[in-house]
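Chains as they are written, first to last, in this note's numbering: chain P, 3 to 211; chain B, 3 to 211.
Don't be surprised by glycine CBs; every beta carbon is placed ideally from N, CA and C.
Remember, predicted model here, so these are calculated numbers, not experimental data.
Presented below is the structure to which this report refers.
Protein chains: 2
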Amino acid sequence: MLVLINTLVIAATDRLAVPFTACYRISNMMKKLPIQKAFTLLEPGPVVLVTTADGGKQNILTLSWTMVMDFTPRFAFLTGSWNHSYKALTKTGECVIAIPTVDLAKKTVQIGACSGAETDKFKKFKLTPLKASKVSAPLIKECYANIECRIVDHIKKHNIFVLDGLTAWIDSNRAEKRFFHAVGDGHFIADGKIINHRRIMLSKLPKGV
Amino acid sequence: MLVLINTLVIAATDRLAVPFTACYRISNMMKKLPIQKAFTLLEPGPVVLVTTADGGKQNILTLSWTMVMDFTPRFAFLTGSWNHSYKALTKTGECVIAIPTVDLAKKTVQIGACSGAETDKFKKFKLTPLKASKVSAPLIKECYANIECRIVDHIKKHNIFVLDGLTAWIDSNRAEKRFFHAVGDGHFIADGKIINHRRIMLSKLPKGV
Chain P
3 MLVLINTLVI AATDRLAVPF TACYRISNMM KKLPIQKAFT LLEPGPVVLV
53 TTADGGKQNI LTLSWTMVMD FTPRFAFLTG SWNHSYKALT KTGECVIAIP
103 TVDLAKKTVQ IGACSGAETD KFKKFKLTPL KASKVSAPLI KECYANIECR
153 IVDHIKKHNI FVLDGLTAWI DSNRAEKRFF HAVGDGHFIA DGKIINHRRI
203 MLSKLPKGV
Chain B
3 MLVLINTLVI AATDRLAVPF TACYRISNMM KKLPIQKAFT LLEPGPVVLV
53 TTADGGKQNI LTLSWTMVMD FTPRFAFLTG SWNHSYKALT KTGECVIAIP
103 TVDLAKKTVQ IGACSGAETD KFKKFKLTPL KASKVSAPLI KECYANIECR
153 IVDHIKKHNI FVLDGLTAWI DSNRAEKRFF HAVGDGHFIA DGKIINHRRI
203 MLSKLPKGV
């Protein structure tokens, strides 16, 4: 059930003392996706928004340097101390990987073009933090998918973080479900037509995927 | 200049003693892409074909678990000993990352559904190996892009290979230039419309990109 009470909710289930600027509980709109299927959200290679919460301070990082690790809920991404979120990532060991759809493309790029050092990105970009179930970092209500993650390794030599997906949420009521991909030169590519070759690779797929 | 002589060409520039089943020299059709732009081929997260050459034996691996590492020609991908190409990758330290377009989607999935242990994939799937300029692994003529790569690290704990792109080639004459992305459950997504947000992120882009 979605509940919004003024600007601060302390729910019975609260396990965090983080004051959210506007705090929802995870709603009926957000359905759990079985965690063994969470890799299917990241495998296409969409641009993602990574949220962190360092004490009371939430931030959002726009990221395209991600990788699925096998048919598992384990993922990798690359970032370093040049990003404001780096400190929160290394300090808390937690984040949420939120996946925006194509209608949020411009906002997503703008989020990546400013720094959390000077900007409250949730406020500036009118995004709504939702309290996650297992991590201190917030979900982003406006995104199609959110994956709560715990960092399990940090390969400093290569600036690679390895993360385990803990819980995945999708907003299945959302009309726009197309992700978008960064070219890396300022252009982006929206998802196009879907091709079904499931029959050919069925023997490769783990049970339940 | 593209030259095909029967089934074996020993060009003046040959630096390899690898007999190609059908050997072209890199043609005028394949243009060099400045290596600092090679990441723009992989950053969207397309399905790729990784070629290897272990002595005279060439192979192709279908892969979707790749990651761009910063605005550089350094990439990561994940594979392990469960793949026939693993031995050639670790032995030679070289490969080519070829990027197929959406017209090759079915073939690409089929390539991933069989093993190089029993199959000559170039022959079975009627693909043409092109001699690379810096590595023993072949380019794939039918692909839009090919990046010659050298493995610079192998993080065995996570099955991650780190690679440096050495030379990148694109077939700019190709009419079909749309890549495609794996969902991971047997569905694939073709590239859709292109969105230009270059102005917003211009300050983030390295010179020349």
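Just the C-alpha distance for residue i and residue j, rounded to the nearest angstrom, thanks.
{"i": "Ser-66(B)", "j": "Ala-119(B)", "result": "20 angstroms"}
{"i": "Tyr-146(P)", "j": "Lys-159(B)", "result": "32 angstroms"}
{"i": "Tyr-88(P)", "j": "Arg-176(B)", "result": "41 angstroms"}
{"i": "Asn-198(B)", "j": "Pro-46(P)", "result": "20 angstroms"}
{"i": "Met-69(P)", "j": "Gly-58(B)", "result": "31 angstroms"}
{"i": "Thr-23(B)", "j": "Thr-42(P)", "result": "At Thr-23(B) the pLDDT is 43, less than 50, meaning the model places this residue with poor confidence; the figure from the coordinates comes in the next sentence. For Thr-23(B) and Thr-42(P), the distance between alpha carbons rounds to 37 angstroms."}
{"i": "Arg-200(B)", "j": "Glu-144(P)", "result": "23 angstroms"}
{"i": "Lys-125(P)", "j": "Cys-97(B)", "result": "46 angstroms"}
{"i": "Leu-35(P)", "j": "Ala-134(P)", "result": "14 angstroms"}
{"i": "Thr-110(B)", "j": "Asp-56(P)", "result": "43 angstroms"}
{"i": "Ala-90(P)", "j": "Thr-54(P)", "result": "6 angstroms"}
{"i": "Lys-123(P)", "j": "Val-211(P)", "result": "35 angstroms"}
{"i": "Gly-82(P)", "j": "Ile-149(B)", "result": "26 angstroms"}
{"i": "Lys-39(B)", "j": "Leu-204(B)", "result": "15 angstroms"}
{"i": "Asn-61(B)", "j": "Thr-92(P)", "result": "40 angstroms"}
{"i": "Met-71(B)", "j": "Ser-117(P)", "result": "20 angstroms"}
{"i": "Thr-94(B)", "j": "Leu-165(B)", "result": "13 angstroms"}
{"i": "Leu-141(P)", "j": "Leu-141(B)", "result": "42 angstroms"}
{"i": "Lys-206(P)", "j": "Lys-33(P)", "result": "27 angstroms"}
{"i": "Asn-161(B)", "j": "Asn-161(P)", "result": "16 angstroms"}
For residue i, collect the residues of the same chain with a Cβ closer than 6 angstroms to its Cβ; drop the 5 residues on either side in sequence, then sort them by chain order.
{"i": "Ala-107(B)", "result": "Phe-182, Phe-190"}
{"i": "Phe-73(B)", "result": "Pro-208"}
{"i": "Phe-163(P)", "result": "Phe-79, Ile-153, His-156"}
{"i": "Met-31(P)", "result": "Asp-173, Asn-175"}
{"i": "Ala-139(B)", "result": "Thr-53, Thr-54, Ala-55, Glu-96, Cys-97, Val-98"}
{"i": "Ile-28(B)", "result": "Leu-132"}
{"i": "Val-137(B)", "result": "Glu-96, Glu-150"}
{"i": "Glu-178(B)", "result": "Thr-103, Asp-105"}
Whole-angstrom Cβ separation of residue i and residue j, contact assumed at under 8 angstroms?
{"i": "Leu-63(B)", "j": "Asn-85(B)", "result": "6 angstroms"}
{"i": "Cys-151(B)", "j": "Ile-99(B)", "result": "6 angstroms"}
{"i": "Ala-115(B)", "j": "Ile-202(P)", "result": "5 angstroms"}
{"i": "Phe-77(P)", "j": "Leu-44(P)", "result": "6 angstroms"}
Near residue i, what residues of its chain come up, given a Cβ to Cβ distance below 8 angstroms and the 5 sequence neighbours on each side ignored?
{"i": "Ile-37(B)", "result": "Pro-75, Gly-167, Leu-168, Thr-169, Ala-170"}
{"i": "Gln-112(P)", "result": "Phe-127"}
{"i": "Thr-121(B)", "result": "none"}
Which partner residues does residue i have in the DSSP bridge list?
{"i": "Val-164(B)", "result": "Ala-78(B), Asp-155(B)"}
{"i": "Asn-198(B)", "result": "His-189(P)"}
{"i": "Gln-60(P)", "result": "Ala-55(P)"}
{"i": "Thr-169(P)", "result": "Glu-150(P)"}
{"i": "Cys-97(P)", "result": "Cys-151(P)"}
{"i": "Val-70(P)", "result": "Phe-77(P)"}
{"i": "Met-32(P)", "result": "Asp-173(P)"}
{"i": "His-86(B)", "result": "Answer is none; His-86(B) lacks a bridge partner."}
{"i": "Phe-182(B)", "result": "Ala-192(B)"}
{"i": "Val-137(B)", "result": "Per DSSP, none; premise fails for Val-137(B)."}
{"i": "Leu-207(B)", "result": "Leu-207(B) pairs with nothing; no bridge assigned."}
{"i": "Ile-142(P)", "result": "Pro-131(P)"}
{"i": "Leu-65(B)", "result": "Val-50(B)"}
Residues in its own chain within less than 7 angstroms of residue i by CB, not counting five upstream and five downstream?
{"i": "Arg-180(P)", "result": "Thr-103, Val-104, Ala-192, Asp-193"}
{"i": "Arg-17(B)", "result": "Bear in mind that the predicted position of Arg-17(B) carries a pLDDT of just 29, short of 50, making it too unreliable to give a figure here."}
{"i": "Pro-48(P)", "result": "Ile-101, Phe-181, Phe-182, His-183"}
{"i": "Gly-188(B)", "result": "none"}
Taking three-plus beta-carbon pairs below 8 angstroms as touching, is the segment 155-173 of chain P in contact with the segment 181-191 of chain B? The segment 155-173 of chain P, when compared against the segment 181-191 of chain B, does not touch it at the 8 angstroms Cβ threshold.
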